[in-house]
Each structure stands twice: as structure tokens, then as C-alpha cells.
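Worksheet: one structure, shown below.
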Amino acid sequence: MSKRGWIVLGGGAPLLALIALLAWASVRSGGNPGGLAVNSDFAEAEVDAEVARDFELELIGGGTIRLSDLRGKVVMVDFWASWCPPCRVEAPALRSVYQEFQGQPVEFVGVAIWDNIGDTELFLQEHEVNYPNGFDAPGVIAIDYGVRGIPEKFFIGRDGVVAKKFSGPLTEASLRDTINELLAK
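Counting from 1 along the sequence shown, just add 234 to a position and that's the residue number in this note's numbering.
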């Protein structure tokens with residue numbers, strides 16, 4: 235083989251390997267853009283009992299919400315995206331449990347990340363999501379919270395301290411149990 239042939243072969247092999255890797259990732263993730271960052275399995279993570287980082291989130295539909303203004307309530311902060319299959323699966327449970335706790339010192343805050351605003355709005359409409367949701371386009375809140383995949387939820391006690399962190403989809407029962415545990419404190 236000529237020198238030029240070896241150069242073409244040497245330069246082409248890494249390119250082919252990259253294409254194969256991207257194809258594998260796309261197939262494995264079901265074609266989702268961030269599929270490798272999808273938390274399909276439920277898991278509880280260790281948390282440092284520290285005051286939750288404050289943030290202000292522009293809400294879809296108008297207005298803003300500031301986490302520190304919710305002190306005195308149990309708060310569930312949910313990081314999600316419209317294209318995330320586990321996020322779609324758990325949406326009815328989140329909506330249902332949020333409705334159950336209306337009138338109690340409980341608030342849910344959805345933070346859409348790694349998405350576009352049009353798909354986010356459509357998701358909220360299709361799933362009849364009725365709790366405050368905003369769009370963290372630059373990902374600042376997600377970075378502050380160390381989010382590595384979606385869905386991820388942080389439960390914050392009435393004292394403003396992060397009490398629990400879950401990755402993957404939650405069931406109605408686990409949501410309810412976690413909220414009741416934090417309300418009892």
C-alpha cells in the first residue's frame with residue numbers, strides 16, 4: 235500500500251470509530267438527544283444536609299419563583315425534559331400527588347433543562363402539568379445542583395435544607411411517602 239493509502243486509512247479509522255460510537259449511542263438512547271443522561275432506574279442518592287442553593291426561575295406562562303420565598307414549605311425541585319421517556323412516564327404521578335397536597339405547605343417546582351421552549355410548553359400542556367415550571371436554558375440551576383441526568387428530584391425541608399435526592403422516575407407512593415416524611419419533621 236502506498237504512503238497516501240496509509241494516511242487515508244489512518245485518518246479514516248478514527249472517523250469511522252466516532253461515527254460507530256455516535257450511532258450506538260443514538261440507538262441505545264432511542265434517538266433521544268441526551269439519552270445517555272436519562273435516569274431510567276429509580277435510585278436515592280446521598281445528600282449533604284445543607285441549605286438548598288437559592289435560585290430565581292422565570293416561569294413558563296409568566297412570572298418568577300424564588301426558592302427562598304418557599305421557606306416553610308416542603309419543596310420538590312424536579313429537573314426534567316420533554317424528550318425524556320421516564321419524565322413522560324412519571325408526569326401523571328407528579329400531577330396527581332401535587333393536587334393531593336394542595337392547601338398544605340408543599341410546593342413543586344419543575345425545571346426544564348436540555349430542551350427547547352416549544353417542546354417544553356407542549357409537554358406541559360399535553361400532560362396537564364399544574365405546578366410551577368420554568369425553563370433553565372443556560373443550565374445554571376442544574377449546574378448549581380450538580381444534576382447529571384434527568385429526571386432528578388431534590389426534596390427540600392421546611393427549614394430550606396436539602397433532605398433527599400432521587401434520580402429516575404418516582405411513583406405516586408414514593409412521592410407521597412417522601413412528602414409526608416418531611417411534613418412530619
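For glycine and all other residues, C-beta sits at the position ideal for the given N, C-alpha and C.
Note that the coordinates shown come from a computational prediction; the quantities given were computed from them, not determined experimentally.
Check                                                                                                                                                                                : Outcome
Please state if the CB of Val308 and the CB of Pro339 are separated by a distance shorter than 8 Å.                                                                                  : yes
What number of angstroms, rounded off, separates the C-alpha of Glu386 from the C-alpha of Gly297?                                                                                   : 24 Å
Can you list, in chain order, the residues of its chain with a C-beta nearer than 6 Å to that of Asp282? Leave out the 5 residues immediately preceding and following it.            : none
Are Gly394 and Val285 close, meaning C-beta to C-beta below 8 Å?                                                                                                                     : yes
Can you tell me the Cα-Cα spacing of Gln359 and Glu415, whole angstroms?                                                                                                             : 30 Å
In the structure shown, what three-state DSSP assignment does Asn414 receive?                                                                                                        : helix
Mind checking whether Leu304 and Asn367 have CB atoms under 8 Å apart?                                                                                                               : no
When the distance is taken between beta carbons, is Trp314 closer than 8 Å to Ala271?                                                                                                : no
In three-state terms, what does DSSP make of Ser401?                                                                                                                                 : strand
Using DSSP bridges, identify the partner residues of Gly337.                                                                                                                         : DSSP lists no partner for Gly337.
What do you get for Ser316, buried or exposed, if any count of 16 or more other CB atoms within 10 angstroms of its CB means buried?                                                 : buried
Might you give, ordered along the chain, the residues of its own chain that have their beta carbon closer than 8 Å to the beta carbon of Leu409, omitting 5 neighbours on each side? : Met310, Ala327, Leu328 and Val331
Please determine, among Leu417, Ala397, Ile299 and Ala418, the residue with the shortest C-alpha to C-alpha distance to Gly344.                                                      : Ile299
Can you tell me where the beta strand (DSSP E) holding Val309 begins and where it ends?                                                                                              : Val308 to Trp314
Quickly, what does DSSP pair Ala346 with across the bridge? List them, please.                                                                                                       : Trp314 and Phe369
Phe357 lies in the beta strand (DSSP E); which residues open and close that run?                                                                                                     : It is not in any beta strand (DSSP E) - Phe357 instead sits in the alpha helix (DSSP H) that spans Ile351 to Glu360.
Need the endpoints of the alpha helix (DSSP H) that Ile294 sits in, please.                                                                                                          : Segment: none, Ile294 is in no alpha helix (DSSP H) and carries neither H nor E.
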